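Residue numbers for the sequence shown follow the UniProt record's numbering, so the first one is 1 and each next one is one higher.
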Amino acid sequence: MKELQERIRQEGLILSDTVLKVDSFLNHQVDTKLALAIGQEFKRIFAGKTITKVLTIEASGIQFAMAAGIALDVPFVYAKKKKAVTLAESVYSAPVHSFTRQETYQVSISQKYLGPNDNVLIVDDFLATGAALVGLVDIVRESGATLAGVGCVIEKSFQEGRGLLEAKGVQVHSLARIKSMSPGHVDFIEDEEP
Ligand code: G4P
Ligand code: NA
Ligand code: NA
Numbered sequence: 001m002k003e004l005q006e007r008i009r010q011e012g013l014i015l016s017d018t019v020l021k022v023d024s025f026l027n028h029q030v031d032t033k034l035a036l037a038i039g040q041e042f043k044r045i046f047a048g049k050t051i052t053k054v055l056t057i058e059a060s061g062i063q064f065a066m067a068a069g070i071a072l073d074v075p076f077v078y079a080k081k082k083k084a085v086t087l088a089e090s091v092y093s094a095p096v097h098s099f100t101r102q103e104t105y106q107v108s109i110s111q112k113y114l115g116p117n118d119n120v121l122i123v124d125d126f127l128a129t130g131a132a133l134v135g136l137v138d139i140v141r142e143s144g145a146t147l148a149g150v151g152c153v154i155e156k157s158f159q160e161g162r163g164l165l166e167a168k169g170v171q172v173h174s175l176a177r178i179k180s181m182s183p184g185h186v187d188f189i190e191d192e193e194p
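As structure tokens, this is what we get:
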């Protein structure tokens, strides 16, 4: 997605060879028009899949799942990272190991909102280590729902996330794929239009 690549080049702050900060338009302040365009792009890429539900994980996937849900005219659900007392009974859950925080946490979704009749598109802001997305894929499979694919806004292709998801047979589409980066410079993988 050209517009997204341009914004990353103009406004992205590359803090190291591995961390990209996009707080001015994606992750803290959100450019709402761009977010809605991202939703439309996911709709275009996954056209023909008859998606019934978009799934993400709190917090920073939510605005893109909502945008995709608006574009596809379906609800979106976000997995919770903390077990709420109100989410006590029937949940699907999966452990996610955070390498940056060196801890394992549970992600969970009420069983009410995912089941065998669903065809699910998973959406997230970043594809990096893939740990959280692998957890969501496992939850979708446990629920008996069909998984249409995973759509990510920004993929750091030099990290292992895509490979982990593909090894599970998951179709992955990212709107901007970063081959490499360093302060002041970012190199994208140019996909053929899916
Ligand atoms: P891990 O800690 O769980 O192993 O995952 P990872 O290192 O891949 O990413 C930790 C969090 O940081 C994730 O957000 C992920 O989306 C985000 N992230 C990973 N790489 C980058 C990056 O280069 N830039 C930015 N801005 N974020 C990145 P999260 O734990 O899901 O939290 P949330 O922000 O969605 O609440
Ligand atoms: Na996220
Ligand atoms: Na994040």
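For each residue, glycine too, the CB sits at the ideal point set by N, CA and C. On a predicted model such as this, the values are computed, not experimentally measured, just so you know.
Positions of the alpha helix (DSSP H) runs, each at least 4 residues long and wholly inside the region 29-114, are given as 32-45 and 62-72 in order along the chain. Cβ atoms of residue 115 and residue 144 come within 8 Å of each other, at about 6 Å. Ligand 2 approaches residue 125 closely enough that one of its heavy atoms is under 7 Å from the residue's Cβ.
When beta bridges are read from the DSSP output, residue 149 appears opposite 121.
Three or more beta-carbon pairs drawn from the region 116-136 and the region 151-162 are found closer than 8 Å, and the two stretches are therefore classed as touching. It is roughly 30 Å from the alpha-carbon of residue 146 to the alpha-carbon of residue 2. Set against 7 Å, the gap from the CB of residue 19 to the closest heavy atom of ligand 1 is smaller. Residue 162 counts as buried, since at least 16 other C-beta atoms from the protein chains shown sit within 10 angstroms of its C-beta. Listed in chain order, the non-local C-beta contacts of residue 92 below 7 Å within the same chain comprise 108, 109, 111, 114, 139, 142 and 143, local neighbours out to five positions each way being set aside. Annotation: the region 140-186 contains the following complete segments of the beta strand (DSSP E) (minimum length 3 residues), in chain order: 146-156 and 172-182. Ranked by Cα distance from residue 40, the first of 99, 172 and 65 is 65. In this structure, the C-beta of residue 57 approaches ligand 2 to less than 7 Å from one of its heavy atoms. For residue 60, the shortest separation between its Cβ and any heavy atom of ligand 2 lies below 7 Å.
With a cutoff of 7 Å, residue 96 counts as near ligand 1, since its C-beta is closer than that to a heavy atom of the ligand.
Secondary-structure assignment with DSSP links residue 25 through no beta bridge to anything. The beta-bridge partner set that DSSP reports for residue 14 consists of 20.
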